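Shown next, in structure tokens, is the structure this report addresses.
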Amino acid sequence: MLKSGFVSIIGNANVGKSTLLNTLLGEKLTITSSKPQTTRNTIRGIYNDEDSQIVFIDTPGLHKPKHALGEYMTKAALRTLSAVDLIMYVVDATLDRDELDDMVLKNLRNLDTPSILIINKIDRVKDINRLETYVETLKKRHNFDGVFAVSALKGTYTDILKDDIKAFLPEGPAYYPEHMRTDQPEKFLIAERIREKVLLTTREEVPHSVAVIIDNIEMDDEHTHLLNIHGTIVVERDSQKGIIIGKGGRMLKKIGTLARKDILHLLDTKIYLDLHVKVVKDWRNKALELRNFGYEEDPS
Ligand SMILES: Nc1nc2c(ncn2[C@@H]2O[C@H](COP(=O)(O)OP(=O)(O)O)[C@@H](O)[C@H]2O)c(=O)[nH]1
Ligand SMILES: [Mg+2]
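Take the sequence shown: its letter number 32 is residue 32 in our numbering, and every next letter is one higher.
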């Protein structure tokens, strides 16, 4: 019998939720970065093997909302919790407290859903006593159904974790066809790869001010099998547009080159990537723009 179910990955920004998802899936699905609030949408990553299908739900990090975008992200994260089979609460092993633990653990207490504590980044732990104290505090605040220490980045103990996750799942049907990797359309995955390269190459407020839209994807012609992708990088201010384009267009070229390589692996096909930069003033606070850029209310 197949074991199947839904598993939510929650926790503060930057603790390694998306990295853990990619490692558990065995491939890069969601983008990651050292900048907080990299993940903006709820993304499903589907894991299949002979005896299980696990649908992981990667959520934006929970945090105190500052923008309309931030509010959307926190709501999206909390809404997924009541309907899943297991909640994975991820913390960073190198920290000894997390300002959101209180808020999150309070929410977990009111749910019937089983939850496990994942202590991530153990490859970076220097003070084991401090970590033990932190874990004890968390365990006192919430009665977790399991505690796991892993390194998502290095893949340490993540296979054991996967087996234990399966043990929490009921017997059930496959919810998605076996070849499906995610519920997100290809356009979204492509746009995210481009946004990841912007995050990688820019600093301060620029990463947070960027949205990427794919305007058009078309096959060049049947013989070359070259996929033409036209995308727009949206920013909030003229000065940010200048930064993204760079001197003599150098920055945009760099972003394009990095993104093209990555998308080539994603789609396994040759591509031509054409990128433009556009200013939409204050888009993060405008409901209509949020919808246009793909951050709409999730109906589920
Ligand atoms: N050293 C170390 N770094 C990690 C680990 N997991 C994630 N990271 C890094 O932490 C940062 C945030 O990761 P990300 O997955 O985007 O976090 P998210 O915001 O929780 O989704 C990135 O720079 C990752 O490379 C880990 O196990 N060890
Ligand atoms: Mg993330």
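Where is the CB? At the ideal position from N, CA and C, for every residue including glycine.
Just so it is clear, the structure is predicted and the values come from calculations on it, not from any experiment.
* To do: Report yes or no: do three or more beta-carbon pairs, one from the segment 20 to 30 and one from the segment 152 to 172, lie closer than 8 Å?
  => Three or more beta-carbon pairs separated by less than 8 Å link the segment 20 to 30 to the segment 152 to 172, which places the two stretches in contact.
* To do: Work out the CA separation of Val277 and Ile229 for me, nearest whole Å.
  => Ile229 and Val277 have their C-alpha atoms spaced approximately 14 Å apart.
* How about Tyr134 and Asp96: are their beta carbons less than 8 Å apart? -> Between Tyr134 and Asp96, the C-beta spacing is below 8 Å.
* Cβ-based burial, Met219 [other Cβ within 10 Å; buried from 16] -> exposed
* Asked: Between which two residues does the beta strand (DSSP E) carrying Phe56 extend?
  -> 52 to 58
* Using a threshold of 7 Å, is the CB atom of Lys162 nearer than that to any non-hydrogen atom of ligand 1? -> no
* Simplified DSSP assignment, three categories, for Ile122 -> Reduced to three states, the DSSP call for Ile122 is helix.
* **Residue interval of the alpha helix (DSSP H) (run including Met251)** => 250 to 267
* What residue does the beta strand (DSSP E) around Asn22 start on, and which one ends it? -> Here Asn22 belongs to no beta strand (DSSP E); instead the alpha helix (DSSP H) covers 17 to 25.
* Asked: Rounded to the nearest angstrom, how far is the Cβ of Val125 from that of Ala93, given a contact under 8 Å?
  -> Yes, they are in contact, since the Cβ atoms of Val125 and Ala93 sit about 5 Å apart, within 8 Å.
* Asked: Who are the Cβ neighbours of Ala259 in its own chain at under 7 Å, not counting the five residues just before and after it?
  -> Arg193, Ile194, Lys197, Leu273
* Can Tyr157 and Phe148 be called in contact, C-beta distance under 8 Å? -> yes
* So does Arg40 have its beta carbon nearer than 7 Å to some heavy atom of ligand 3? -> This structure lacks ligand 3; its bound ligands are ligand 1 and ligand 2.
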